[in-house]
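Down below is the structure, laid out as structure tokens.
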Amino acid sequence: QQNRLNAKSSSGVYLLPGAKTPARLESQIGTLRMSLVNITPDADGTTLTLRIQGESNDPLPAFSGTVEYGQIQGTIDNFQEINVQNQLINAPASVLAPSDVDIPLQLKGISVEQLDFVRIHDIQPVMQ
Numbered sequence: 001q002q003n004r005l006n007a008k009s010s011s012g013v014y015l016l017p018g019a020k021t022p023a024r025l026e027s028q029i030g031t032l033r034m035s036l037v038n039i040t041p042d043a044d045g046t047t048l049t050l051r052i053q054g055e056s057n058d059p060l061p062a063f064s065g066t067v068e069y070g071q072i073q074g075t076i077d078n079f080q081e082i083n084v085q086n087q088l089i090n091a092p093a094s095v096l097a098p099s100d101v102d103i104p105l106q107l108k109g110i111s112v113e114q115l116d117f118v119r120i121h122d123i124q125p126v127m128q
């Protein structure tokens, strides 16, 4: 399902909570592999870790991006995103390469059961 959603996506990469494989995003800072780990309920919604792995031999620069999350209504081939919320993320520059960056996220107002997708887009380098 994750691959089918991403084949249709013109903005960013979809990550599905049940997906077993990372999704790839061609970004301004290179090709990134992304996955969701440690998905747990909390009092305000859901907490999880966004794991971002660089594929190049250079450390990742500091970067920012947008995370959108919500529910999917309909089928994978004909769907609407509903109850979508978003937040900005910022990651510091990495020292090691290939880089792995874990970004803790708190997704307010949506339970683990309701969370159908997380979409990451607008990844861009941040000048330090």
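If you're matching positions, the sequence shown starts at 1 in UniProt numbering and goes up one per residue. Beta carbons: idealized from backbone N, C-alpha and C, even for Gly.
{"query": "Select from Ala7, Asn3, Ser94 the residue whose C-alpha is nearest the C-alpha of Gly54.", "result": "Ser94"}
{"query": "Please list, in chain order, all residues of the same chain as Met34 whose beta carbon is under 8 Å from its beta carbon, the five residues on each side excluded.", "result": "Val13, Leu15, Pro22, Ala23, Arg24, Leu25, Leu50, Arg51, Ile52, Gln53, Ile120"}
{"query": "My understanding is that Leu48 touches Leu105, with C-beta atoms under 8 Å, so please give their C-beta distance in whole angstroms.", "result": "6 Å"}
{"query": "Quick test of your reading: Thr31 and Asp122, contact by CB under 8 Å. State the CB separation rounded to the nearest angstrom.", "result": "About 16 Å separates the two Cβ atoms, so there is no contact after all."}
{"query": "Please classify Gly109 as buried or exposed, where buried requires at least 16 other C-beta atoms within 10 Å of its C-beta.", "result": "exposed"}
{"query": "Since I believe Pro59 is in contact with Ser99 (beta carbons under 8 Å), could you give me their beta-carbon distance rounded to a whole number of angstroms?", "result": "5 Å"}
{"query": "Relative to the C-alpha of Gln71, which residue among Asp77, Thr46, Leu115, Pro92 is closest?", "result": "Leu115"}
{"query": "Determine the contact status of Ser64 and Asn90, defining contact as a CB-CB distance below 8 Å.", "result": "yes"}
{"query": "Take the Cβ of Thr46 as the centre, count every other Cβ of all protein chains shown within 10 Å, and call the residue buried at 16 or more, exposed below.", "result": "buried"}
{"query": "Compare the C-alpha of Pro41 against each of Asn3, Pro17, Asp77 and name the closest.", "result": "Pro17"}
{"query": "Let me know if Leu88 comes out buried or exposed under the rule of 16 or more other beta-carbons within 10 Å of its beta-carbon.", "result": "exposed"}
{"query": "Is the beta carbon of Ile76 sitting closer than 8 Å to the one on Leu5?", "result": "yes"}
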